[in-house]
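Read the structure below first, then the notes.
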Amino acid sequence: MFRLIFVLLIVPVFGFSLTAKEIIQKVDDNQLFKTEKYEATMVIQKGSQKLTKKFNGYTQTAGKKSFMEFTNPEDKGVKYLKLSNQLWIYFPDADDTMKISGHMLQKGMMGSDISYEDMLEENSLDEQYVSSLAADTNVNGVLCYHIVLVAKSDKVTYAKQDIFIDKTKYVMVEAIMYAVGDRPIKRMTALKVEKIGGRYFITEMEIVDLRQKNTKTVVSFNKIELDVALPKDGFSMSKLK
Amino acid sequence: MKVSYAGIFLTAVMLAAALPLHAEISLGGALRNDFLVMKPTNNQANFNNTLELKLVFTRAAEEWKFYADARISLYAGLITNITQTDLGLNLLRAFIRYYSPAGVITLGKTYMNFGIRGMFNPFEMVKNVNFTDLNYDLEGMIALTWELGFDELSGLKTYVRPDPALSNSGGGLALYTHLGTFDLGAIYNRKAYDRNVAGVYFKGDIELGVNGAWAYHFDDYGTNRFNEANLGLDYSFFDGKLILALVFYFDETGAENSSSYNPFSTVDKYFKAKYYSYANISVVFDEFFSMQADGFFNMIDGSGLAMPQVKYTLSDGLSVGALAGIPWGPDKSEFSPNTSGEFSILGRFEAKL
């Protein structure tokens with residue numbers, strides 16, 4: 000009897016403790032879908048000033064393809080096509096498509112705190128970073144795994160990341176991104192997490208560019224549909240027009 | 000001619016409205032006011048104000064799209080003691096697009112973009128440079144275009160432009176694809192009678208952004224031929240807050256010294272000389288305030304034009320900005336202050352609707 004109690008006490012501590020890699024895998028599994036359709040709003044804020052952008056789009060996990068179109072009056076008809084780690088933008092005023100390449104990728108999308116490089120970031124953290132587990136941390140009242148990610152190569156957008164994973168929902172509730180020399184660049188915080196199709200998703204997040212004072216971008220997903228049929232040729236350059 | 004634009008626009012709008020589409024008609028656009036002050040060579044008053052209303056009318060369904068872009072402008076200016084006013088109407092685009100299983104077909108007043116969009120593109124249909132707005136929307140032409148994708152990133156695009164004088168009609172074909180991190184393409188374009196161009200272009204990245212194009216121009220008889228090319232690079236500093244872009248440009252027919260400039264040889268030419276470079280430096284302070292400077296440099300006569308500008312976004316769709324034009328160069332050079340004035344300052348207000 001005494002031996003059984005000992006086993007029951009010790010198993011949760013040692014027997015089921017996960018490695019950083021396993022935790023990241025669980026986060027990835029939580030977001031496993033074939034296709035996704037969404038409608039979203041992006042609010043860019045500096046002090047009391049606000050700019051609001053609306054967009055909708057769809058994503059296909061296989062091939063890491065995504066498409067988005069802005070619908071707010073100022074940017075209406077601007078479209079983005081992402082295929083793997085490359086990006087094209089369509090300008091309705093010029094009725095033309097342009098590849099965003101090289102250092103232009105570091106620009107903020109539509110003037111936000113989200114760079115084009117952030118958009119191109121591959122889903123799998125495990126492919127790009129070496130992960131290690133640090134002490135559990137409480138983030139905004141949520142007990143989290145704290146994982147330190149160090150880039151495997153200098154081609155990865157951020158040299159290092161501190162990510163905080165909700166221990167029960169396996170959702171990333173906060174991430175701090177660093178440049179070389181541990182200089183903090185950005186912070187992403189999940190503001191709202193919802194259960195969609197049996198899985199937990201971040202439906203509202205805040206991105207802060209830590210190099211700037213008093214600015215932030217809040218992205219809210221107003222509608223998410225998973226594993227739905229996407230338009231035929233929906234990721235084609237010729238259909239971007 | 001301006002009345003006919005209105006006629007085309009109204010006819011197109013009525014046609015679009017009559018289309019059996021289950022789609023909403025939407026109207027957007029912008030109101031922009033440019034106030035320009037110049038210091039001319041004769042020291043007399045020289046300023047003008049242009050108020051432009053941009054009206055964009057769209058109606059889109061899954062397989063069809065109608066798009067029209069009309070501009071109404073009111074110009075008032077005082078140039079060397081002569082007052083001028085002008086009310087203008089211009090229809091930049093008005094087309095109907097059909098997304099068919101056999102490709103995207105466009106009919107109407109549309110713009111055919113060949114090559115890489117940007118400064119000194121050798122394949123540009125109309126090589127006008129608007130110094131107060133380098134990205135000003137280009138006016139289309141009456142044409143039928145067809146774009147067919149072979150796969151996601153490869154395809155062909157072609158157009159025909161009819162002309163009352165059949166021999167002056169235009170048509171062109173571009174094949175495009177993607178290799179590694181590069182977009183590539185090959186083009187043949189017969190712009191009009193005796194004006195043909197063929198060539199290749201690329202855009203991609205190898206640590207820094209690289210793009211380039213080479214075009215070979217030739218007449219219908221093979222007697223008049225010349226080369227035109229550009230090479231562009233871009234690089235960023237301070238985590239993307241400062242971006243530097245450079246373009247080097249070569250036009251074989253351009254003059255090799257300022258005494259040979261031909262003011263009338265403007266067809267298929269950007270400027271007058273053989274070699275130019277263009278630089279753009281943009282600094283983004285935050286989401287609301289940005290600065291940039293553009294510069295054109297005539298590498299034959301040493302003259303140039305610098306255009307620093309600032310832009311501040313007040314709220315959604317509402318922005319104000321200022322742009323200065325500062326020419327320099329020796330007497331009789333292309334951008335000499337002795338011929339183009341010492342400086343200009345433009346104030347801009349823009350509200351997107």
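Protein sequence lines correspond, in order, to chains A and B.
If you read the first sequence in numbering that gives the first Met the number 0, its first letter stands for residue 0, the second for the next number, and so on.
If you read the second sequence in numbering that gives the first Met the number 0, its first letter stands for residue 0, the second for the next number, and so on.
A virtual CB, placed ideally from N, CA and C, is assigned to each residue, including glycine.
It should be emphasised that the depicted structure is a prediction, and the values quoted were computed from it without experimental measurement.
query, result
"Measuring only the C-alpha atoms, how far is Ala244 (chain B) from Asn127 (chain B)?", "20 Å"
"Going by beta carbon distance, what residues of the same chain come within less than 6 Å of Leu239 (chain A), once the five residues before and after it are set aside?", "Lys78, Leu80, Tyr89, Thr96"
"Ignore the nearest five residues each way along the sequence and tell me which others in Ala39 (chain A)'s own chain have a CB closer than 8 Å to its CB.", "Lys53, Phe54, Asn55, Gly56, Val218, Ser219, Phe220, Asn221"
"Answer with buried or exposed for Lys53 (chain B), where buried requires no fewer than 16 other C-beta atoms within 10 angstroms of its C-beta.", "buried"
"Spell out the partners DSSP gives Glu62 (chain B) in its beta bridges.", "Partner(s): none; Glu62 (chain B) has no beta bridge."
"Gly102 (chain B): which of B:Lys156, B:Met124, B:Asp136 sits nearest, CA to CA?", "B:Lys156"
"Buried or exposed: where does Tyr220 (chain B) fall if 16 or more other Cβ atoms within 10 Å of its Cβ makes it buried?", "exposed"
"Phe247 (chain B) to Gly196 (chain A), Cα distance in whole Å?", "54 Å"
"So is Ile147 (chain B) in contact with chain A if we call contact Cβ pairs under 8 Å?", "The sequence as given places Leu at residue 147 (chain B); Ile does not occur at that position. Yes - at least one Cβ of chain A is within 8 Å of the one on Leu147 (chain B)."
"Taking a cut of 7 Å between CB atoms, which residues from the stretch 79-98 of chain A lie near chain B?", "Leu82, Gln85, Asp92, Ala93, Asp94, Asp95, Met97, Lys98"
"For Val36 (chain B), I'd like the list of residues in its chain whose CB is within less than 6 Å of its CB, leaving aside the five on either flank, ordered along the chain.", "Phe46, Ile344"
"Use the C-beta contact count for Leu207 (chain B): other C-beta atoms within 10 angstroms, 16 or more gives buried, fewer gives exposed.", "exposed"
"Out of B:Ser281, B:Glu255, B:Val266, B:Asn229, state which residue places its alpha-carbon closest to the alpha-carbon of Ile242 (chain B).", "B:Ser281"
"Which residues bound the beta strand (DSSP E) around Thr216 (chain A)?", "214-225"
"When DSSP builds the beta bridges, which residues end up paired with Thr96 (chain A)?", "A:Tyr89"
"Report yes if the C-beta distance between Lys363 (chain B) and Ser332 (chain B) is below 8 Å; otherwise report no.", "With chain B running from 0 to 352 in the structure shown, residue 363 (chain B) is simply not present."
"Between which residues of its own chain and Pro326 (chain B) is the CB-CB distance below 6 Å, once the five residues before and five after are set aside?", "Leu304, Phe334, Pro336, Ser339"
"Nearest chain A C-beta to Leu183 (chain B) closer than 8 Å, yes or no?", "no"
"Using the beta-carbon count (16 or more within 10 Å), is Lys241 (chain A) buried or exposed?", "No statement about residue 241 (chain A) is possible, as the shown extent of chain A runs from 0 to 240 and does not include it."
"Applying the 10 Å Cβ sphere with the 16-neighbour rule, what's the burial state of Asp85 (chain B)?", "exposed"
"Straight-line CA distance for Ile164 (chain A) to Gly316 (chain B)?", "38 Å"
"Quick check for students: name the residue ranges of the beta strand (DSSP E) that lie wholly in the stretch 255-288 of chain B, counting only runs of 3 or more.", "274-283"
"Taking all protein chains shown into account, decide if Asp162 (chain B) is buried (16 or more other Cβ within 10 angstroms of its Cβ) or exposed.", "exposed"
"Taking Cβ positions only, does Gln160 (chain A) come closer than 8 Å to chain B?", "no"
"If we cut at 8 Å on Cβ distances, does Tyr158 (chain B) have a partner in chain A?", "no"
"Which of helix, strand or coil does DSSP assign to Gly320 (chain B)?", "strand"
"Alpha carbon to alpha carbon, how far is Gly140 (chain A) from Lys36 (chain A)?", "31 Å"
"Which runs of the beta strand (DSSP E), 3 residues or longer, sit entirely within the stretch 9-48 of chain A?", "34-45"
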